[in-house]
Amino acid sequence: MQSRRSFLKWSALVGGATALGGGGLLVSRYPTGGAPAGVPGAAAAAAASGSRIFRTANTPECLHCALLAHVEDGRLVKVTGDPDFNILACARGISRIRQLYSPHRLKYPMRRAGRRGEDRWERITWEEALDTIAERYQRILEEDGNQAFLAFGGTGNWSSLSTGVRGLYSAFWNRFGGNTPIISQLCCASVSSGFNAIFGGGRSEFRDEWVHSRFFLAWGNNPAVSNQGYMKNLFQAREEHGARLITIDPRLSETAALSDRWIQIRPGTDAAYALGMVKVLLDEGLFDEEYVRRFTNAPFLVRLGERGCDLQSESRGWPAGGETLPFDLRDLRLLTDGGSGSGSFVVWDEIGGRPVAPDTPGIRPALRGSYTIGGVRYQPVFEWMRANAARYTPEVVHRITGAPPESVAPVTREYAAVRPAAIIQNMAGAQRTDHGTLTVIGHLYLASLTGNVGMLGGGVNDNGGYLRQGGNINYPVPVQRNEPIAGIPATKLGEYLVERKPHPIRAIHVAGTGVLTQYPNTRKIIAGLDNIDLMVVQDIFMTTTARYADFVLPVTTLFETRNLLAGVRSRYIQLMQQAIEPLFESRSDRWILTELARRLGFGDDFDKPDDDLLRHVLEPTGVSLEQLEEGPVNPMPDPWVPFADKQFDTPSGRIEFFSTYLQERGFDPLLEYLHPVEAPWVDETRAARYPLQLINRKNHNHVNSSFHHHDFLTEIWASQVLQIHPEDAKSRGIEDGARVRVFNDRGEIEAQAHVTRGILRGVVSVTTGWGGVNEKQTASILSPDKYEPISLGHTLNSSMVEVADGDGASRGDAA
Amino acid sequence: MSDTKQQVAFFFDANRCTGCRTCEVACKVENGVELGPRWRKVRTVEGDQDGGPYMYHVSMSCNHCEVPVCAEACPSGAITKRSDGIVIVDQSKCIGARLCAWACPYDAPQFSAETGKMEKCNFCSHRIDAGTGGPACAEACPTKALQWGTLDEVAAKQGATAEFGPLPDADITQPAIRFIPLKLVRS
Amino acid sequence: METRDWSLVVFTVLTQAAVGAFLTLQVLEYLAARRGPGESGRATDNPRDSSPASAGAQGGEPEAGNARESGRAMASAAPAGRRTPAPLLVVLAVLSAGLFAALFHLSTPLQAARAVVNFSSSWLSREIVFGSLFAALLGALVAQEWRAASSEAVGSVQGRRAPTPGTASPPEGRRRIGPEPANPTSQAPATWLHRLTAAAGLAFLGCQTAIYLLPAQPAWNSFATPAGFGGTALRLGILGVAAGLVVRSLTAGVDEPAQADPIGGGGTSAAPLRGLALAGIAALALEFVVVPLHLASLAANPLPAAAASVERLTGDYGGVLVLRLGLLGAAAAALGGVLAISRRPFAPARPTGSSAQRLAFPLTCGAFALTAASEVCGRFLFYAMQVRVGI
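Structural data, given as structure tokens:
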């Protein structure tokens, strides 16, 4: 308490004595009034006399809400959400005042004084820190080249002069000459690969347009948490249009709890449920036939092998879904006319009774039937989709997913009955499983078959923002072309560091990301750090990751610097005005990078006024800095309809149910369900030791591992919580609220048990990313470091663990 | 609000609450409430119905009851009800007897370990009085699950009820809050 | 239960004991007085100065009703020897200690005076007003008694017959405070001051009870609260007086051998403790009725909070509940022992006491101690079982 007060006083002094550039808007939205005596704290202070309000934005990988910083005499007294923004800021954003004035902030540069990870430090000056780091970087560069460097930056701060996409941090490493890249990503890799496979890329986000939707299917996704600011639109659609909401989730998530219907399925079996739905759509003719003919490659002719086959008779002997087909789907071949491009594929014209190019005018491409061309038997892709989906009867779907067999048809019919219908997915859910890409493809199949793609308020909703919807910004400084360097798959970080693959890494630089709370098999990464000469972490707090550094550099919060947010989580471009002067000796990422660049010999482009860099960033957007001073700007069409022109960046220019992308990469070109690798009902040997399936959930108190230092949030959410079914808890003697150990061969974490029927029996759930404060609760310790084969993405929801009552000797301690 | 003499009230729609706690934090930030006391709390209710589990959230603070039993119980007269119905506590009169906390069915009175005094939601009376808006919690709610108005206004909303799930009998204090309970369709 | 609630355990148990003891003393005085002037001999002068010696002398009525018997016994309740303010002083001390403990429940004890401001609606304000009034009146009685005792001591030196003690005030004190009883033949033991004090005590107890009759607290908002608080007052009052009696009998002694045996004063079967023991057993038994009825009514209550309270009482704190009832049972058994020995005739007391007298001390004081311990357990349970309605 005492220390916090002195901080406040100190900051007031500094701030009050400094004229701020940029300028906040004068208070107009909140005229001042006579506050009654006795109103405690900040509110009284703000109300007592005029205060200035500065614009800023929440920068992590969240919703990028616009914030208003209320400043009084150089002291931040309050943070509120901007009521004029498209969504209202949540608890995380407005609790940032507690981040700013937290007594736990890093206050000055420090050098490691104990063993790595021991958390013993020696205070040093900025001069010494920067000189030493630059000098050692220079030496490593000379000895082992750029490949000896690994740079992590990102999700904690996605602003342009910091670690955002196309931000200054990326530019710094580019101008440094490059570094060993991380291949794929932990978050949305399987979403990207799914969209690439079927749509040829692009991502679709239409959260503002949910008000137009008539149906919502939240699939392996919990928008009530991960898109809570936009939920008002969903609620509006429900209230005004009677839109229904169905949720598919192993957990009674916040969204499932609010849903009209909740389908509980086993984690990682989503594609089987999707195929069951596809079967119903095709069997009952609930798909949009005209749309499918025109905009998809469903009519394209395909043969099996060289001569083709009689699909109708062949498919009668196919085994149930989930079991291997008697042939390889990869042996399917699209018929082409020998040329290339979208016109080279062939469809059967029902009118003319002959094979023609798909876009030939006046034809009616056949979806059904079998056609012999040149002695070879072809069937349209549609027939193959139908034959394959036919294996996913309600009973088969039930056997695989655990969902009630009688649920499939009604859910499908409801989904197909109204348009626009939205499937809400992504955000660390079903796509982060062993075959997550197939889950995403399942969603895209359903949306495409029903003609929802390209429709206002319909389709598959992803969490894209400006940059994900085709927008573009410049790097703040000019970038260069570097020699490519072999990379490290994101999930394999620990293994590659330990085994020095593909080459030894000597230096790691981390800015605004929780490497040791996010990257899987975290214990292995920590072991790999033994092979590192130098680790530099710049952050606001002494995070779990920072504790393992050699140098820790204190970074400013978003109120203490000028910045710009044009990211991947909101369509809006926002200026972040500096509200107060930096506290302590904290410095912005921008300042640190500039100082290092200067010392490393490429500082000229960095060493310019902030606004010069920002104007450069904004150049491709058509939005000016002056506009942004007035408030956030949405540079995109409004309303926004992804794929409105139905032009897809695939070889055929169409939605490709038969994915050339997948075929080229050696995967099944058609959607087929594959069992997860790490699941108790699959890997029975492993299940003997770790019989529970672990899934990770997101929670309202954090974004990845950000916000764990906000005490207004930890007051509400104090601990990692394990959700466990009453039967599983009972057999382990675990009571609600008990301390438990969750462990597997990768490590062990601590959690508090929440015994609830709101989770599938045999499945347990922890909050992902927890552990920014308490290393023992870090969920990533348990996460597998295998990857999804198509996307190389993270599979943290295909994981197995055992849970035990927390009393008694801890395995970790004993080991 | 044109007529400050009308009883002010909260409105809560369980079908719109995601449990994000923005209201809680907005309250603390607006009123400078330190760690410990929680003027507003979001509770999660779990249960089973027709063989299936359900869950919903309830955001509540002081309900500025029409029958403020806290004020009746307070021995030192520190709690009073304003003409607009806001129940306020004068901390200079509070002796920390905590009778209000026993009497209140809603766990609204909060005690600060630092001051030993009771504190609680004041409906952001400073904002009401200054005409700068309503309670910070309701204004911060990202989904409009929590709203405010006069009691007459919120009571007139469709489906609004005074009795709600596991909450105490509204007759005890006649709380100035109306609810729309979770619609458990599940069909 | 919060730690600070322990101050309320102490406060309520002590103040209820004080009210109970005062009322017990008054009842005994009243009963003694009802025996009439012929028996007391000096009633017109001081109706409450019935002499145990003379009472003992009337002991040839073994068939006499319990009330009379105990009345007589209590008349010497205070009984041994010289008049003294000691019993009331003890009551006052207990009351004061209780009131003092209550301060620790406040965050700002220095501002305790504010607690009376809301007399018009707050039962706590009323409790404090009546508690203070009770204490003040009790103080006045003690002062009176003190003066009476002093003047008596002087009188005694002057050769007057030593009046038997009691809680009575001397005539002059009585006259100062209030008028004579309207009907002297009733031999009413109480002065207006006594009556006022008793009324204040009862009002105090009533307000204290009413505080907890909160709709928000189903476990408290029950007949069990008045029954429990009243029961505590009865049990500790009766047994406290009884214990005081035997203690006094041990300490009184050497110079007043005749007064030293509370059990069989005068060597008859009319044991002064007998009535107290019987009343005590009845008061102890009360709790065995109240507890099951309370649990049953809570169990029948549809509110989850009530069920949660039952769970606490029978689950987490089931052991304490068993202990509480066990202690009460043991106390009742001890009182049974008192009854047993008080039935036996034995020789006139000697300073060191007969075997019965030797037993009387541990049995009576043991019963009191066991009950006191049980009351603390019971009051702990009272606060620990609290579960607010709602969520």
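Chains as they are written, first to last, in our numbering: chain A, 385 to 1199; chain B, 20 to 206; chain C, 189 to 579. The C-beta atom is built at its ideal place from N, Cα and C for all residues, glycine as well. Because the structure is a prediction, the values reported are computed rather than measured.
Is any beta-carbon of chain C found at less than 7 Å from that of R40/B? no
Could you tell me whether the Cβ atoms of V198/C and F568/C are closer together than 7 Å? no
Using a Cβ-Cβ cut-off of 7 Å, state whether M137/B counts as contacting chain A. no
Exposed unless 16 or more other CB atoms sit within 10 angstroms - verdict on I735/A: exposed
Cutoff 7 Å: Q299/C Cβ touching any chain B Cβ: yes
Who does Y75/B pair with in a DSSP beta bridge? V64/B
Helix, strand or coil for I964/A per DSSP? coil
Contained alpha helix (DSSP H) runs [length at least 4] in the region 688-716 of chain A, N- to C-terminal order: 695-700
Cβ of S410/C less than 7 Å from any chain B Cβ? no
CB contact below 7 Å: S195/C versus chain B: no
Counting only Cβ pairs nearer than 8 Å, list the residues of chain B close to M811/A. In chain order: nothing, as chain B lies at least about 14 Å away.
So who's on the other strand from L452/A, going by DSSP bridges? R439/A, T464/A
Measure the Cβ-Cβ separation of C553/C and R512/C and say whether it is below 7 Å. no
The region 386-406 of chain C touching the region 309-322 of chain C, judged by at least three CB pairs closer than 8 Å: yes
By the criterion of Cβ-Cβ separation under 7 Å, what are the contact partners of R197/B in chain A? The premise fails here: R197/B is roughly 17 Å from chain A at the closest Cβ pair, so nothing lies under 7 Å.
Measuring straight from C-alpha to C-alpha, what distance separates D1052/A and M494/A? 52 Å
I believe L490/A touches I892/A by the beta-carbon criterion, under 8 Å. Please report the beta-carbon distance rounded to the nearest angstrom. Going by Cβ atoms, the distance from L490/A to I892/A rounds to 18 Å, so no, they are not a contact pair.
For D996/A, name the three-state secondary structure that DSSP assigns. helix
Reference L547/C; option with closest CA among D193/C, G525/C, T559/C: G525/C
Which residues of chain C have a Cβ atom closer than 7 Å to the Cβ of P187/B, listed in chain order? A404, V577, G578
Cβ-Cβ separation, L329/C to L276/C (assumed contact under 8 Å), whole Å: 5 Å
Length of the line joining the Cα atoms of K1170/A and H1178/A: 7 Å
Cβ closer than 7 Å: which chain A residues qualify as neighbours of A45/B? I478
Contacting positions in the region 91-122 of chain B - beta carbon closer than 7 Å to chain C: E91, A92, C93, P94, S95, G96, K112, I114, G115, A116, L118, W121, A122
Which same chain residues, not among the five before or five after L558/C, have their C-beta less than 6 Å away from its C-beta? L515, A518, A519
Give the DSSP bridge partners of P873/A, in chain order. I567/A
Please state the DSSP three-state secondary structure of L665/A. helix
Where P1060/A falls: helix, strand or coil (DSSP): coil
Continuous alpha helix (DSSP H) assignments of at least 4 residues falling wholly in the region 271-315 of chain C: 274-291
With distances taken from CA atoms, which of G1190/A, R775/A, N1181/A is nearest A1113/A? G1190/A
Would you mind sorting Q612/A into buried or exposed? The rule is 16 or more other CB atoms within 10 Å of its CB. buried
Is DSSP giving M839/A helix, strand or coil here? coil
Just checking: is the beta-carbon of A407/C within a distance shorter than 7 Å of some beta-carbon in chain B? no
Quick one: what does DSSP say Q25/B is sitting in, helix, strand or coil? coil
Contact between the region 898-917 of chain A and the region 859-869 of chain A: three or more CB pairs below 8 Å? no
According to DSSP, what are the bridge partners of Q1136/A? V1105/A, R1123/A
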